[in-house]
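Sequence lines, in order, name chains U and Y. Per the numbering used here, the first sequence starts with residue 2, numbered consecutively. Per the numbering used here, the second sequence starts with residue 2, numbered consecutively.
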Amino acid sequence: MSELMRLQEIYKWVGDGDARTEILKGVSMTVDAGEFIAIMGASGSGKSTLLNLIGLLDLPSAGQLWINGKDAAILPEDELAQIRAHTIGFIFQSFNLLPYLTAMENVALPMGYTHRTETIERSRTLLTQMNLQHRLFARPNTLSGGEKQRVAIARALANEPPLLLADEPTGALDSKTGIQIMDLLGELNKNGATVIVVTHDENVAKRAQRVLRMRDGKFDS
Amino acid sequence: MMFVEYLKVSFLLMRAKPVRSILSLLGIYIGVLALVIIVSIGAGMQEKLKETFGTRGARVVFIHPGFDAVSKKIGTITMDDLMQIKKQPEVLSVMQRAEKDMDIRADRATYHTKILGIDDAFVGLYRIKLTRGRTFLNDEIERKQPLCLISKETARALFPIEDPLENTVSINGMGFHVIGVMEWDSATEQRTSSQDTGVLVPVTWLVSQNSVNVNFAEVRVRPEITATRSIAIVNNILSHGDADRSRLFYVRSMEQFMQRSQEMADRVQSSLLGIAAISLLVGGIGVANVMVTSVTERTREIGTRKALGARRIDILLQFLTEASVLSTSGGVLAVVTGAIGVNLAKTLLELTTPLALPVEAVLGCLVLTVAIGLIAGVYPASRAAQLSPAEALRYE
Chain U
2 MSELMRLQEI YKWVGDGDAR TEILKGVSMT VDAGEFIAIM GASGSGKSTL
52 LNLIGLLDLP SAGQLWINGK DAAILPEDEL AQIRAHTIGF IFQSFNLLPY
102 LTAMENVALP MGYTHRTETI ERSRTLLTQM NLQHRLFARP NTLSGGEKQR
152 VAIARALANE PPLLLADEPT GALDSKTGIQ IMDLLGELNK NGATVIVVTH
202 DENVAKRAQR VLRMRDGKFD S
Chain Y
2 MMFVEYLKVS FLLMRAKPVR SILSLLGIYI GVLALVIIVS IGAGMQEKLK
52 ETFGTRGARV VFIHPGFDAV SKKIGTITMD DLMQIKKQPE VLSVMQRAEK
102 DMDIRADRAT YHTKILGIDD AFVGLYRIKL TRGRTFLNDE IERKQPLCLI
152 SKETARALFP IEDPLENTVS INGMGFHVIG VMEWDSATEQ RTSSQDTGVL
202 VPVTWLVSQN SVNVNFAEVR VRPEITATRS IAIVNNILSH GDADRSRLFY
252 VRSMEQFMQR SQEMADRVQS SLLGIAAISL LVGGIGVANV MVTSVTERTR
302 EIGTRKALGA RRIDILLQFL TEASVLSTSG GVLAVVTGAI GVNLAKTLLE
352 LTTPLALPVE AVLGCLVLTV AIGLIAGVYP ASRAAQLSPA EALRYE
């Protein structure tokens, strides 16, 4: 399998001198295309910080991060943004849908940043795949939690990214809806997407091919 | 095209927070409204100047009698000199005026008013409104016919019951036949620069009276002659070849005259513009303030957009667009209400200063509000663009 991403001795700290707090203390891993990885750990273990680095939302303080063979540390911020737009789809715990846009407009949003055409048609198709064909013009505050997360997943798929990152995707949902969302992610993985899920729910982690457990800024080994 | 997207978001947000949006564009609204009012008064004054001094293509030179401080003499514009000027090939026409306050008697009443001595071109040139009767004929002026036009006020005072037409009034012991009644309103006073005029008589008769002289003459010269040359032609005849004598007259061209009025109008205009500029500055600060608040409130949105692939320039342009839309909306509202107000004022009020709202001024106002929005948006928008995506997403 081809390598999508490689992390080598990654450190992340905030503050300086005595006030310096290390969040990640030497994390190494590779992500291959088509994998379904779960990152588990208690809160404060550094798993969300790690996901931010994998998602190129933040840069490591030390160590190297390679994405598609490129060293993320030397890429300018706007190029990182372009890689995010084309390569990574984000799914958040609290959905982060824009409240003033309809479901379709939310799904179309990332396509604006990649200058895709026929965004309306594609948004409709994606929402239909998520069984939301009756909610195309609904605003987020009229949607249920499960519907919101499905709109968010449709948005994450808009630019056909090879990598999907989900940060506690079921954290704000009831267990039944959570199962549906995880089924959906499993299906997307079967269809070729690489999926990385951060969670503290064992049931969620069970679905992954590989589970990485974090404690105190490092993987348990 | 992302710009359309930004515009759409801007309007959606304005709709989502109407009270805040209205408060923030109020400053711009007031500033632009002030600007619209100032501009329309200014443009109105300009039109007024053109109307008042309109020369219908000719070059106009004015002659006033002057006082020479050296010889302590007052100049006298004689009919002979004016005849000489009229004979010059460059000169199209000469119009002279004289005036004197006198008693006018009718059978039962006496009225004290200003008598203006005029020639046959006067009524047409100054657009004097005749409510009844007719104006003087050239021949009647030349032959000093004892005919007169009286104002409505004079008519009311002298002939409360009878018809003033076909009646006779007595001026300086001479009987004058009333040939018409005219209106002498404030617009007429401005055009002729002659206040409280009650009677018009042939200038030829008035200057033949004791101690009455021509107090103003207007010389129309062919348009191809320069202003300097026109003044020289007139001065040459008035001076009788004696340089000292030319100090006894003020000879000025219309351009010089208009320039002075123009300068005054400009000075008023620029001081008013200063006031409008201050309110626009305050308006701009209002927009900037709302944008800073908006950026803080929407930190998570900015983080989300960045996670979804927005570059710094995308975020920057989005917030700049929002600031401009906010500011321009205020400008558009102000221009629309201003235009309606100007038209209402024009029709409802009988304004001595007319109003006008030129298209360039409207476009100028709109460009200005876009610019204010852009300037007001620079700080909040660049703050939004610089946010770190990870931190922005953590923001509660």
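Here a beta-carbon is modelled for each residue, glycine too, at the ideal position from N, C-alpha and C.
Query	Result
Beta-carbon proximity check, Y:A32 vs Y:G365, cutoff 8 Å	Reading off the sequence, residue 32 of chain Y comes out as Gly, not Ala. Contact flag unset, no.
Beta-bridge partners of Y:Y7, as assigned by DSSP	Y:Y7 pairs with nothing; no bridge assigned.
Beta-carbon proximity check, U:T200 vs U:M41, cutoff 8 Å	yes
Proximal residues to U:E169 (C-beta, below 7 Å), its chain only, five neighbours per side dropped	Q94, V199 and T200
Cβ contact (3+ pairs, closer than 8 Å) linking the region 255–268 of chain Y and the region 65–82 of chain Y	no
Proximity of Y:L131 and Y:G181 at Cβ, strictly below 8 Å	yes
Within chain U, partners of Y:M3 - CB distance below 7 Å	G113
Where U:L57 sits in the DSSP three-state scheme	coil
CB contact flag (Y:T189, Y:I129, <8 Å)	yes
Spatial distance of Y:S389 from Y:G304 (CA atoms)	7 Å
Amino acids of chain Y, ordered along the chain, whose beta-carbon sits closer than 9 Å to that of U:N142	None at all; the shortest Cβ gap to chain Y is about 11 Å.
Within-8 Å CB hit, Y:T294 to chain U	no
Presumed contact (8 Å Cβ cut-off) between U:I89 and U:L57, rounded CB distance	7 Å
Per-residue DSSP class, three states only, for Y:S247	helix
Segment limits, beta strand (DSSP E) that includes Y:A99	V92 to R106
Residue-chain proximity (U:D59, chain Y), Cβ-Cβ < 8 Å	yes
Within the region 89–167 of chain U, ranges of the beta strand (DSSP E) (whole runs, at least 3 residues)	89–92
Close beta carbons around Y:T198, own chain, < 6 Å, minus the five adjacent residues each side	K115, L117 and W185
Residue span of the beta strand (DSSP E) that contains U:D33, given as start and end	T22 to D33
Closer than 8 Å at the beta carbon, the chain U residues around Y:K307	L58, A82 and R85
heavy atom of the ligand MG below 7 Å from U:T50 C-beta	Here there are no bound small molecules, and the ligand MG is not part of this structure.
Chain Y contact for U:N69 (CB, 8 Å cutoff)	no
Reduced DSSP secondary structure (H/G/I, E/B, other) of Y:Y380	helix
Exposed unless 16 or more other CB atoms sit within 10 angstroms - verdict on U:D19	exposed
Chain Y within 8 Å of U:F138, Cβ atoms only	no
Rounded separation between Y:L358 and Y:T300 - CA only	43 Å
Inter-stretch contact (C-beta, 8 Å, three-pair minimum) for the region 154–169 of chain U and the region 100–112 of chain U	yes
Short CB-CB distance (under 8 Å) between U:D79 and chain Y	yes
CB contact check: U:L99 to chain Y, cutoff 8 Å	yes
Top-ranked residue by Cα proximity to U:G1, from U:V205, U:L25 and U:M6	Residue numbering for chain U in the displayed model covers 2 to 222; residue 1 of chain U lies beyond these limits and cannot be assessed.
Beta-carbon gap between Y:V222 and Y:R60 smaller than 8 Å	yes
N- and C-terminal bounds of the beta strand (DSSP E) containing Y:G332	Unbroken run through Y:G332 is the alpha helix (DSSP H), R313 to L349; no beta strand (DSSP E).
Sequence-distant residues of the same chain with beta carbon closer than 6 Å to Y:S328, five excluded per side	I29, V288, T370, I373 and G374
Between the CA atoms of Y:V124 and Y:F1 - distance to the nearest angstrom	Absent from the structure is residue 1 of chain Y, since the part of chain Y shown begins at 2 and ends at 397.
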